[in-house]
Amino acid sequence: MVQLHKGMSGMSQGQAVSRRRLGSELKRLRDEAGLTLEQAASALECSASKISRLETGKGLPKQRDVRDLARLYGKEAERSLERLLRLAKEGARAGWWQEYTHLLASDPFVFDGADRYAALEAGATSIRTFDHSALPGLLQTEAYARAILDIMLPAHSPEEIAKLVEFRMRRQSVLTRAELPLRVDAIVDESVLLRMRALEAQVRAEQVDQLIQRMRLPNVDLLVLPLSAGFVRAALGNFVVLEFEESQDQDAIFVENHAGNSYLEGDFGVEKFKSIYDEARERTLGPVESVDYIRDVIGG
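Under UniProt numbering, the sequence shown has 177 at position 177, and the numbering climbs by one with no breaks.
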């Protein structure tokens, strides 16, 4: 089954990952107790939607709710209570990015749930990203990011744009963090690179240098999908596959569009997008060819 969630605001890395783990555990324990959502809700005298939101990681986990559910679900749940309470506590923590992401509130369709995305990105071990409109945020320079955000967020002040550029730059620390740097496998459509020719020469040169430097990192691959490759399913929209090391953390898909960005979870949805990504990857230029393309065509 595919679960689709609209972007959620106010989540830190601890919140996003811990809430997902807590929700997964609570659902497993409820299933093992043989209770439906409605039965559990009736026993606790609350709505089924409240328990559903906890199980999907969307609700704010309260210690009392977790204790009540553990008591209801039986001995195994009560034995796991300490761990469940720890996850609930972590799920209530705030993250560094919240000082930035509230600036997007007036443009919810540009990057709905940006803080949740940053949280999941920071908690992931690897991502696969396909872009046909702009370079991935993790690979952008300040000047390129500013140029893109000026277009995407026309109602924002220069000061707000500056804060969001700073937010994007801070996100990039996942690439060089000491423990398990994020593994990035990125595909960009050739049209993204061709549009870079419209940038000022200095902005373009700095961005090309940045791309080359990032591509030298052992945990970063950037591949160019040439227009000559023809149509691929991935070209229908930008998306990111977020993958996690722990088995209890479901991989997730972030889908970006103008009607409001969404997240997909569940084996069918995730595997479908992985297949779409792999299909596009088979049509890309190789790593060396991609570097040469960027140097010769964009850098020239």
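Think of the CB as a built atom: it goes at the ideal place given N, C-alpha and C, for glycine as much as any other residue.
Just so you know, these numbers come straight off a predicted model, no measurement behind them.
Handout entry: Whether Val232 touches Ala186 by CB criterion (7 Å)
Key = Taking 7 Å as the Cβ cut-off, Val232 and Ala186 do not qualify as a contacting pair.
Handout entry: Proximity winner among Val17, Ala77, Ser47, Ala145, relative to Glu32 (alpha-carbon distances)
Key = Selected option, being the one with the closest Cα: Ala77.
Handout entry: Proximity below 7 Å, CB of Leu54 to CB of Gly23
Key = Yes.
Handout entry: Chain-order list of residues whose beta-carbon lies under 8 Å from that of Asn219 (same chain, five-residue window excluded)
Key = Hits under 8 Å: Leu175, Pro181, Leu182, Arg183, Val184.
Practice task
Counting only the same chain and skipping the five closest in sequence on each side, list residues whose C-beta sits under 7 Å from that of Arg283.
Solution key: Cβ contact annotation for Arg283 (same chain, cutoff 7 Å, sequence separation greater than five): Leu225, Ala229, Val232, in chain order.
Exercise for the section: Compute the Euclidean distance between the alpha carbons of Lys27 and Tyr117, then round it to the nearest angstrom. Expected result: Straight-line Cα distance between these residues: approximately 23 Å.
Practice task
Report all residues from its chain with a CB closer than 6 Å to the CB of Thr56; omit the five preceding and five following residues, and keep chain order.
Solution key: Beyond the five residues adjoining it in sequence on each side, Thr56 comes within less than 6 Å, by CB distance, of Gly23 in the same chain, given in chain order.
Exercise for the section: Consult DSSP for Asp292 and reduce its assignment to one of helix, strand or coil. Expected result: The answer is helix: DSSP assigns Asp292 an H, G or I state.
Handout entry: the region 35–53 touching the region 65–72, judged by at least three CB pairs closer than 8 Å
Key = Three or more beta-carbon pairs drawn from the region 35–53 and the region 65–72 are found closer than 8 Å, and the two stretches are therefore classed as touching.
Exercise for the section: Specify the secondary structure class of Phe273 as computed by DSSP and reduced to three states. Expected result: Shown here, Phe273 sits in a helix according to DSSP, grouped into three states.
Exercise for the section: Report yes or no: do the region 133–146 and the region 210–218 share at least 3 C-beta pairs separated by less than 8 Å? Expected result: Put simply, the region 133–146 touches the region 210–218. At least three CB pairs are less than 8 Å apart.
Problem - DSSP bridge partner residues for Tyr73 (one or two, in chain order) - result: DSSP, once it has assigned bridges, lists no residue as partnering Tyr73.
Practice task
Out of Arg170, Ala145, Ala205, Ala198, state which residue places its alpha-carbon closest to the alpha-carbon of Ala119.
Solution key: That would be Arg170, whose Cα lies nearest to the Cα of Ala119.
Problem - Coarse secondary structure for Val188, derived from DSSP in three states - result: In the structure shown, Val188 sits in a strand (DSSP, three-state: E or B).
Problem - Residue(s) in a DSSP beta bridge with Asp221 - result: Per DSSP, Asp185.
Exercise for the section: Measure the CB-CB distance between Asp251 and Val270 and report whether it falls below 7 Å. Expected result: Yes, the pair counts as a contact, with Cβ atoms nearer than the cut-off.
Handout entry: Local conformation of Leu60 per DSSP, three classes
Key = Shown here, Leu60 sits in coil according to DSSP, grouped into three states, outside any helix or strand.
Practice task
Using the Cα positions of Leu227 and Ile294, report the straight-line distance between them to the nearest angstrom.
Solution key: Going from the Cα of Leu227 to the Cα of Ile294 covers about 14 Å.
Problem - Sequence-distant residues of its chain with Cβ nearer than 8 Å to Ser191 (five each side left out) - result: The residues His132, Leu227, in chain order, have a CB closer than 8 Å to that of Ser191 in the same chain once the five nearest residues on each side in sequence are set aside.
Exercise for the section: Ignore the nearest five residues each way along the sequence and tell me which others in Pro287's own chain have a CB closer than 6 Å to its CB. Expected result: If we look at Pro287 and ignore the five residues flanking it on each side, it has no Cβ neighbours.
Problem - Rounded straight-line distance, which links the Cα of Gln172 to that of Glu121 - result: Distance between the alpha carbons of Glu121 and Gln172: 10 Å.
Practice task
Could you name the residues of the same chain whose beta carbon sits closer than 6 Å to that of Ala145, not counting the 5 residues immediately before and after it, in chain order?
Solution key: In its chain, beyond the 5 residues on either side, Val165, Arg168 have a beta carbon closer than 6 Å to the beta carbon of Ala145.
Exercise for the section: Return the chain-ordered list of same chain residues with a C-beta closer than 6 Å to the C-beta of Ile298, the five sequence neighbours on each side being excluded. Expected result: Closer than 6 Å at Cβ, skipping near neighbours: Leu193, Met196, Val208.
Exercise for the section: Give the single residue among Ala143, Ile253, Arg79 whose Cα lies nearest to the Cα of Val203. Expected result: The shortest C-alpha separation from Val203 is found at Ala143.
Practice task
Would you mind reading off the limits of the alpha helix (DSSP H) that contains Ser42?
Solution key: Its alpha helix (DSSP H) spans residues 37–44.
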